[in-house]
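Asks:
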């Protein structure tokens with residue numbers, strides 16, 4: 001099945017939209033992060049439940065116009081690794 005990603009519980013993250021950037025407050029760690037798209041959208045897509053990169057591409061396709069020339073899987077894996085490093089996403093598998 002591959003690697004599955006899970007977001008921190010929704011009640012543990014507060015997202016405040018501030019125009020071009022978003023503020024994420026992580027209750028458990030007490031840390032605040034400033035991020036830009038597609039980070040909040042990835043977290044919101046993971047709010048629908050655990051997902052593989054392929055699942056997330058499907059969930060996010062409705063919000064973003066993906067360019068076929070872009071390697072979306074690679075881009076998402078990079079952003080997911082960043083979210084995991086912040087403690088906002090857990091990697092299973």
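Numbering (the UniProt record's numbering), first residue to last: 1 to 93.
We put the beta carbon where it would ideally sit given N, CA and C, even for glycine.
So what's residue 92 in DSSP terms, helix, strand or just coil?
Replies: Residue state, collapsed to three classes: strand.
Asks: Rounded to whole angstroms, what's the CA-CA distance from residue 85 to residue 29? Just pull it up for me.
Replies: Residue 85 and residue 29: Cα-Cα distance of roughly 12 Å.
Asks: At which residues does the beta strand (DSSP E) containing residue 7 begin and terminate?
Replies: It spans 4 to 7 - the beta strand (DSSP E) in which residue 7 sits, taken as one unbroken run.
Asks: Should residue 53 and residue 76 be called a contact, given that it needs their Cβ atoms to be closer than 8 Å?
Replies: It is a contact, given that the beta carbons lie within the stated cut-off.
Asks: Tell me which same chain residues have a C-beta within less than 8 Å of the C-beta of residue 11, skipping the five on either side of it?
Replies: Result list for residue 11: 27, in chain order.
Asks: Would you decide whether residue 9 is buried or exposed? Buried here means 16 or more other CB atoms lie within 10 Å of its CB.
Replies: Exposed is the call here.
Asks: For residue 65, which of helix, strand or coil comes out of DSSP?
Replies: The answer is coil: DSSP assigns residue 65 none of H, G, I, E or B.
Asks: Out of 78, 60, 55, which one is the CA nearest neighbour of residue 4?
Replies: Of the candidates 78, 60, 55, the one whose C-alpha sits nearest the C-alpha of residue 4 is 55.
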